[in-house]
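Asks:
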Amino acid sequence: MPAVSFYKMKKKIISLIEKVAGGFGGPRLWRGRLTAGGSVPVEVFASDDERNGHYSTNVAFRLAKIRKQNPMEIATMLAEKIEEISPPGFLSKIEAAAPGFVNFWIAPSAFQGELKTILKMKGRYGRSKIGGGKKIQIEFISANPTGPLTVGNGRGGFLGDALANILNFCGWKARKEYYINDAKSSAQIRELGKTALGRGTSYLTEELAEKIKKIKLKKGASEEDAGSRLARELMKENRRFIEKELKIKFDVWFSEESLYESGAVRKTLEKLKKNDLAYEKDGAWWFRASRFGDTEDRVLVRNSGEPTYFLPDLAYHLDKFKKRKFDEAIDIWGADHYGYAPRLKAGLKALGVKEDGIRFIILQLVRLVKNGEEVRMSKRRGEFVTLKELIDEVGLDAARFFFLMYSPDTHMDFDLALAKERSLKNPVYYVQYAFVRILGILAKLKTAERKLPPKTDFEPLNTAEDFRLIRFLARFPEIVREAAESRAPAVLVRYLLETARAFHNFYEKERIAGEEKKIAAARLALALATKIVLENALGLLGVSRPKKM
RNA sequence: GUCCCCGUAGUUCAACGGAUAGAACAGCUCCCUUCUAAGGAGCGGAUCGAGGUUCGAUUCCUCGCGGGGACACCA
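Sequence positions in the first sequence follow our numbering and run 467 to 1015.
(1) Alpha carbon to alpha carbon, what distance is there between residue 689 and residue 741?
(2) Quick check for students: name the residue ranges of the alpha helix (DSSP H) that lie wholly in the segment 734 to 797, counting only runs of 4 or more.
(3) Return the chain-ordered list of same chain residues with a C-beta closer than 6 Å to the C-beta of residue 527, the five sequence neighbours on each side being excluded.
(4) Which class does residue 977 belong to by DSSP, given the choice of helix, strand or coil?
(5) Exposed or buried, what is residue 932 when buried is set at 16 or more other beta-carbons lying within 10 Å of its beta-carbon?
(6) List the DSSP bridge partners of residue 639.
(7) Just to confirm, is the Cβ distance from residue 755 to residue 764 under 8 Å?
(8) With three or more beta-carbon pairs closer than 8 Å as the criterion, would you say the segment 965 to 983 touches the segment 622 to 632?
(9) By the three-class DSSP mapping on this structure, what secondary structure does residue 659 have?
(10) Indicate the three-state DSSP secondary structure (helix, strand or coil) for residue 825 in the structure shown.
(11) Let's see if you can read the secondary structure: which residues bound the beta strand (DSSP E) around residue 557?
(12) Can you list the alpha helix (DSSP H) stretches of 4 or more residues lying completely in the segment 649 to 700, in chain order?
(13) With respect to the alpha helix (DSSP H) encompassing residue 569, which residues constitute its N-terminal and C-terminal limits?
(14) Quick check on this structure: which residue in 539, 540 and 570 has the alpha carbon closest to the alpha carbon of residue 478?
(15) Whose C-beta lies closer than 7 Å to the C-beta of residue 945 among residues of the same chain, with five residues either side of it excluded?
(16) Which value, in whole angstroms, describes the spacing of the CA atoms of residue 1014 and residue 602?
(17) Kindly identify the DSSP beta-bridge partner or partners of residue 840.
(18) What are the boundary residues of the beta strand (DSSP E) that includes residue 923?
(19) Could you check which residue in 545, 872 and 897 has the C-alpha nearest to that of residue 483?
(20) Looking at residue 992 and residue 905, is the spacing between their C-beta atoms short of 8 Å?
(21) Around the C-beta of residue 508, are 16 or more other C-beta atoms found within 10 angstroms, so that it is buried, or is it exposed?
(22) Taking contact to mean 3 or more Cβ pairs, one atom from each stretch, closer than 8 Å, check whether the segment 864 to 881 and the segment 647 to 659 are in contact.
(23) Which parts of the segment 859 to 893 are runs of the beta strand (DSSP E), unbroken and 3 residues or longer, counting only runs that do not cross its ends?
(24) Is the Cβ-Cβ distance between residue 834 and residue 800 less than 8 Å?
(25) Taking one C-beta from the segment 712 to 726 and one from the segment 641 to 653 each time, how about it: are there three or more such pairs within less than 8 Å?
(26) Could you pull out every residue in the same chain whose Cβ sits closer than 7 Å to the Cβ of residue 963, ignoring the five residues on either side in sequence?
(27) Could you check what DSSP says for residue 521 in three-state terms: helix, strand or coil?
(28) Determine the contact status of residue 625 and residue 597, defining contact as a CB-CB distance below 8 Å.
(29) Mapping DSSP to helix, strand and coil, what is residue 583?
(30) Please classify residue 907: does DSSP put it in a helix, a strand, or coil?
(31) Could you check the C-alpha separation between residue 599 and residue 638 for me, to the nearest Å?
(32) What separation, rounded to the nearest whole angstrom, lies between the Cα atoms of residue 759 and residue 753?
(33) Examine the Cβ distances between the segment 785 to 800 and the segment 821 to 831 and report whether three or more of them are shorter than 8 Å.
(34) Measure from the alpha carbon of residue 732 to the alpha carbon of each residue in 774, 535, 481 and 702, then state which is nearest.
(35) Given a threshold of 16 other Cβ atoms within 10 Å of its Cβ, counted over all protein chains shown, does residue 863 qualify as buried or as exposed?
(36) Name the residue from 852, 548 and 819 whose alpha carbon lies nearest to the alpha carbon of residue 785.
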């Protein structure tokens, strides 16, 4: 039996089902699922225990509906037919189970063969080309240069970074971009300028006051220039923090102001005017957003003559799609910006960008809680409300893992009082510890024993713990694909926790050092394969792999 | 008022319409002469409410109730 990846096993099962379930109008495969008779979804799902097979399908229920027949009868028939045509050595068992599932057990040799693949592929294990080289731009954090990064910025930052890794691993060309809101004509820069010149108190904190003292403003500087100068300073600091402390490397730092300098903002407005998509009212220029799905028309240029945020943002997104030819753009935003999405969508639609090109990932806000009471962003000392303070407190890996665990839709409650204590119990250590244990095993072995013999026999790997671990390892390619396709790194985090658990179980039960040669070699192969998968998965999430703990 | 998200164990979260609703933390029992106990084994504990669709609903639909967010010539 040649080594096949688990993903191929699943496909193979699907093709077996297709062969025997035909006759109801060309079932086809779509995203790992079978779609038969046009719109009837059929699933083949992997299960974590042996109870109902390694794989199961609900195809009989779907067919029952079409054929008006008892699902259990169909399942029984399918199981029999599939058994007849399945290639030797692939399935160890197949059965129909009430009320109509068909369950598949993969032969041990096929699973053991997967180990060989992992050991051979190493860092490439799980890689694929399903992205087809499509260019995806992911824009995230893009925090206003008016102060330090918040905990919410961190959530978006880790998500964007991990997502880019995963997409690149699966054959997309993902680029990470930070949009710097540094437009001189913006209200926030002017407000910042007023504060810098002592004419206002917007964004003012003790830290900001320090910074204002530090920067040297020319005498008689305009509010615009003062704000711009101060924003640059704050941005410099945030960028240093992102690169050095968050360890996130952006491919592009895109300046909003550059869109003014290049004339892109002006050209975008002209285009809108020319096509009768903008009109003048009350001294301002409005975009006919209501014609394109938004609830009302939106201001592009204020009656003061200065553009709103919307106009340069349109120019920016046009730059993504028209100039730089991205196939898809993902904007990661906090929930507080959600209402802005229809406006941007309407604008892009009007300007001829195809609708499904832009995707918004809306992160629900992180709610900071202390002793059961909500803590509002407070400038008082001692409340770590900035991302820096959080990371200083709990560490980068713990913070990163914590945020990546949860789906963007979750309204997270982050308890400040418990954060430190929680951080020590962070699940990231559970995973990292599994990795460290493997290194511990290797360290215990003599140099010669650390290498696998050329023809390692996997036969001794036959306990329940062995198979369970192998099954998890073999699912890695499938899981990465799922994470990429659904743009959801959290899937990978959960997988990692389960795989680490499977390893800890294996470790508890079986020994390697000092075992008989054949057994030691086989178990070493399993440990090494686990190490590869953990390395690959942690690498994609951007979590470090410590040598010891 | 309108729109979006959420409501699952004491707590923080899982479960792409499937089989006995999973973890972690907290609580209670056990397991270190062994490759690190940051680990393992076990116990107790949950789907906000009412209808509907379905062979099957935590998941989909409608209506309530509760929480968060958005409804700017701010970004």
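Quick reminder that beta carbons are idealized off the backbone N, C-alpha and C, glycines included. For clarity, every value in this text was computed on a predicted model and none was experimentally measured.
Replies: Let me lay it out:
(1) Along the first sequence, read from residue 1 onward, the residue named residue 741 stands at position 275. Along the first sequence, read from residue 1 onward, the residue named residue 689 stands at position 223. When rounded, the distance between both Cα atoms is 35 Å.
(2) 776 to 784
(3) On the first sequence, position 61 is the one that residue 527 refers to. Contacts found: 537 and 566.
(4) Stepping through the first sequence from its first residue, residue 977 is reached at position 511. Three-state DSSP puts residue 977 in coil, outside helix and strand.
(5) As a working mapping, residue 932 is identified with position 466 in the first sequence. Residue 932 is buried by the Cβ-count criterion.
(6) Residue mapping note: residue 639 aligns to position 173 of the first sequence, counting from 1. BP columns for residue 639 point to 601.
(7) Position 289 of the first sequence, counting from 1, holds the residue named residue 755. Position 298 of the first sequence, counting from 1, holds the residue named residue 764. For residue 755 and residue 764, yes; Cβs fall inside 8 Å.
(8) no
(9) Within the first sequence, numbered from 1, the residue matching residue 659 stands at position 193. Correct three-state label for residue 659: helix.
(10) In the first sequence, residue 825 corresponds to position 359, counting from 1. In the structure shown, residue 825 sits in a strand (DSSP, three-state: E or B).
(11) Here residue 557 refers to the residue found at position 91 of the first sequence. It spans 557 to 563 - the beta strand (DSSP E) in which residue 557 sits, taken as one unbroken run.
(12) 653 to 662 and 672 to 680
(13) Against the first sequence, residue 569 aligns to sequence position 103. It is not in any alpha helix (DSSP H) - residue 569 instead sits in the beta strand (DSSP E) that spans 567 to 572.
(14) The sequence position of residue 478 within the first sequence is 12, counting from 1. Comparing Cα-Cα distances from residue 478 to each of 539, 540 and 570, the minimum goes to 570.
(15) The residue labelled residue 945 in the question sits at position 479 within the first sequence. If we look at residue 945 and ignore the five residues flanking it on each side, its Cβ neighbours are 957, 958 and 961.
(16) Working through the first sequence from its first residue, we reach residue 1014 at position 548. Working through the first sequence from its first residue, we reach residue 602 at position 136. C-alpha separation (whole angstroms): 37 Å.
(17) By one-based count along the first sequence, residue 840 stands at place 374. Paired residue(s): 835.
(18) What you label residue 923 is simply residue 457 of the first sequence in a count that begins at 1. That residue, residue 923, is in no beta strand (DSSP E); it is neither H nor E in DSSP.
(19) The residue given as residue 483 occupies position 17 in the first sequence. For the residues 545, 872 and 897, the minimum Cα distance to residue 483 belongs to 545.
(20) Counting from 1 along the first sequence, the entry for residue 905 is found at position 439. Counting from 1 along the first sequence, the entry for residue 992 is found at position 526. Going by C-beta atoms, residue 905 is not nearer than 8 Å to residue 992.
(21) Position 42 of the first sequence holds residue 508. Label assigned to residue 508: buried.
(22) no
(23) 879 to 881
(24) For the purposes of this step, residue 834 is identified with residue 368 of the first sequence, where counting begins at 1. For the purposes of this step, residue 800 is identified with residue 334 of the first sequence, where counting begins at 1. Contact: no.
(25) yes
(26) Taking the first sequence and counting its residues from 1, the one referred to as residue 963 is at position 497. Closer than 7 Å at Cβ, skipping near neighbours: 893, 896 and 897.
(27) Here residue 521 corresponds to residue number 55 of the first sequence, with the count starting at 1. Three-state DSSP puts residue 521 in a strand.
(28) Taking the first sequence and counting its residues from 1, one reaches residue 625 at position 159. Taking the first sequence and counting its residues from 1, one reaches residue 597 at position 131. No.
(29) Taking the first sequence and counting its residues from 1, one reaches residue 583 at position 117. Reduced to three states, the DSSP call for residue 583 is helix.
(30) Here residue 907 refers to the residue found at position 441 of the first sequence. Of the three classes helix, strand and coil, the one that applies to residue 907 here is helix, per DSSP.
(31) In the first sequence, counting from the first residue as 1, residue 599 sits at position 133. In the first sequence, counting from the first residue as 1, residue 638 sits at position 172. Those two C-alpha atoms are separated by around 5 Å.
(32) If you number the first sequence from 1, residue 759 lands on position 293. If you number the first sequence from 1, residue 753 lands on position 287. Their Cα atoms are separated by approximately 12 Å.
(33) yes
(34) Here residue 732 refers to the residue found at position 266 when the first sequence is read from its first residue. Looking at the Cα atoms, 774 is the closest of the given residues.
(35) If you number the first sequence from 1, residue 863 lands on position 397. So residue 863 ends up on the buried side.
(36) For this step, residue 785 is matched to residue 319 along the first sequence. Residue 785 has its Cα closest to that of 819, out of 852, 548 and 819.
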